[in-house]
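Q: Before we start, here is the structure in question, set down as C-alpha cells.
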Amino acid sequence: MIQLPRRSVTRFFIPLIDVLTLLFCIFLLLPLIKSTGDGAAAQEQPAANGKDTRAGANAAKRTREAEQAEQERLKAARQELADIRKEKMEALQQRLFIRVLEIDADTGRLFYQEGDQRAEIRNQSDALKLISRHRDEAGERELYYLFMYPRRLTGYPQRSQIQRYMGWFKEVAHGVDNPLAG
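What follows is the structure in C-alpha cells.
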C-alpha cells in the first residue's frame, strides 16, 4: 500500500493521480466498447418495416446530394479565388516597375544587374542616377526596388550597410528579400 506523506497537499494529489490514471485508461477503451455496442444494437433491431429503411435511404441520399453540392460550391469558390489572385498579380505586374538590387555575400556591396554586366552602386549619387534613369524607363508605372540578400550566411551585409542603402533609396518604394531571416 502507498504510504501517505505528511503534508496535506501531497496527501490530496497522490490519490488524485491514481483516479486520473484510471479515467484515462477508460477513455482509451471507449472506442472499443462503442464499436462492439453498435454491432449488437444492429443485430437486435432488424428492419421492422420498409418505411423506416426507405426513409433512412432517402435521408442518406439527401445528405450525399447536399455534400456533393457543397463540394461543387467549394470547388467553384477555390477556382474563383485562384482567378482573383491571378488577376491581382497581373494588375500588380502592370502597375509596378520592379528592379532587383543584389547585395554581395562576400563584401556586402550593393549591385545592379544591367544586361550581362554587374554595376556597383557605390554611393548616394550613383543611387540617385539609377533612380532617375529607372523612373524615365518606368514611365507611368510605379518604381519599386527589391533588395536581395545573399543566399548564404556570411555576416554581410552589416547593419550599417543596410541602413546606408535604405537611406539612399528612401524616396522610392522598396522591399527586402531575406531568405535567412525567417
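In our numbering, the protein residues as written are 325 to 506. Glycine is no exception: its CB is placed at the ideal position from the N, C-alpha and C atoms.
1. May I ask you to verify whether the segment 463 to 470 touches the segment 417 to 425, counting CB pairs closer than 8 angstroms and requiring at least 3?
2. If contacts are defined as beta-carbon pairs under 8 angstroms, then V519 and Y473 qualify, I think. What distance do you get, rounded to the angstrom?
3. DSSP three-state label for V343, please.
4. Can you tell me which of the three DSSP states D407 falls into?
5. How long is the line joining the alpha carbons of R409 and R459, rounded to whole angstroms?
6. In terms of alpha-carbon separation, which member of P339, L347, T478, I326 lies closest to D428?
7. Are the beta-carbon atoms belonging to Q283 and W492 less than 7 angstroms from one another?
8. Out of I445, I350, I326, F351, which one is the CA nearest neighbour of P339?
9. Report all residues from its chain with a CB closer than 6 angstroms to the CB of P481; omit the five preceding and five following residues, and keep chain order.
10. Helix, strand or coil, according to DSSP, for G432 in the structure here?
11. Are there 16 or more other CB atoms within 10 angstroms of the CB of I357, so buried, or fewer, so exposed?
A: Taking the coordinates as given:
1. Under the Cβ criterion (8 angstroms, minimum of three pairs), the segment 463 to 470 counts as touching the segment 417 to 425.
2. As displayed, the chain neither begins before 325 nor continues past 506, which places residue 519 out of reach and without an answer.
3. Locating residue 343 in the sequence shown gives position 19, where the first residue counts as 1. Looking at V343 - three-state DSSP - the assignment turns out to be helix.
4. Counting from one through the sequence shown, the residue named residue 407 turns up at place 83. When secondary structure is reduced to three states using DSSP, D407 falls in the helix class.
5. Taking the sequence shown and counting its residues from 1, one reaches residue 409 at position 85. Taking the sequence shown and counting its residues from 1, one reaches residue 459 at position 135. Cα to Cα, R409 sits roughly 27 angstroms from R459.
6. The count along the sequence shown starts at 1 and reaches residue 428 at position 104. Nearest of P339, L347, T478, I326 to D428, Cα basis: T478.
7. In the structure displayed, the chain extends from 325 to 506; residue 283 sits before or after that span and is not available.
8. Residue 339 sits at position 15 when you count from the first residue of the sequence shown. Of the listed residues, the one whose Cα sits closest to P339 is I326.
9. Your numbering for residue 481 matches position 157 in the sequence shown. Cβ neighbours of P481 within its own chain (closer than 6 angstroms, five residues either side excluded): I427, G432.
10. The residue labelled residue 432 in the question sits at position 108 within the sequence shown. Three-state DSSP puts G432 in coil, outside helix and strand.
11. Indexing the sequence shown from 1 puts residue 357 at position 33. When all chains shown are included, I357 counts as exposed.
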